[in-house]
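Each residue of the sequence shown is one higher than the one before, counting from 41 in our numbering.
Cβ atoms here follow ideal geometry from the backbone N, Cα and C, with glycine treated the same way.
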Amino acid sequence: MESEKSSQWYIADDMPHKEFMEENGLDPKDFSDSLREKLSLFDVEFATALNDGIVTEEEYTSLHSFSSELERLIRKEWEAKKESSQTGAVVAVLIGLGAIIGLGKIFKS
Numbered sequence: 041m042e043s044e045k046s047s048q049w050y051i052a053d054d055m056p057h058k059e060f061m062e063e064n065g066l067d068p069k070d071f072s073d074s075l076r077e078k079l080s081l082f083d084v085e086f087a088t089a090l091n092d093g094i095v096t097e098e099e100y101t102s103l104h105s106f107s108s109e110l111e112r113l114i115r116k117e118w119e120a121k122k123e124s125s126q127t128g129a130v131v132a133v134l135i136g137l138g139a140i141i142g143l144g145k146i147f148k149s
């Protein structure tokens, strides 16, 4: 029984999207509804594959393929969020500089 549990953990740890999420401290709540739904579908498929206690090569290949696709989608969404936050920070700095320059001109008048 113990070896069965450890093999289940190994299979879960070998999934690309789970590795990426763990490495970057990401949680499903960090993503869009559609991506969270796909993550839930993976969890259902994963649980189904483990239900009989044996993961066949076909099941593993299917899970790994699904996980690789999820990793691609996660990376895409995560990169978009990072770029958006960086752009927002640059805009905030520019607005702050504009306000400082504007106030400087008002006080000089």
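Between the CA atoms of residue j and residue i - distance to the nearest angstrom
i, j, result
"residue 58", "residue 92", "22 angstroms"
"residue 65", "residue 96", "30 angstroms"
"residue 85", "residue 76", "14 angstroms"
"residue 151", "residue 61", "Beyond the ends of the chain as shown, which are 41 and 149, falls residue 151; an answer cannot be given."
"residue 94", "residue 80", "21 angstroms"
"residue 63", "residue 120", "18 angstroms"
"residue 117", "residue 90", "29 angstroms"
"residue 122", "residue 67", "15 angstroms"
Residue i burial status per 10 Å Cβ neighbour count (16 or more: buried)
i, result
"residue 54", "exposed"
"residue 105", "exposed"
"residue 108", "exposed"
"residue 78", "buried"
Spatially closest choice to residue i from the options, by CA coordinates
i, options, result
"residue 82", "63, 56, 62", "56"
"residue 88", "78, 118, 99", "99"
Query - Stretch pair the segment 58–76 + the segment 102–114: three plus CB contacts closer than 8 angstroms - result: Cβ pair count under 8 angstroms is three or more, so yes.
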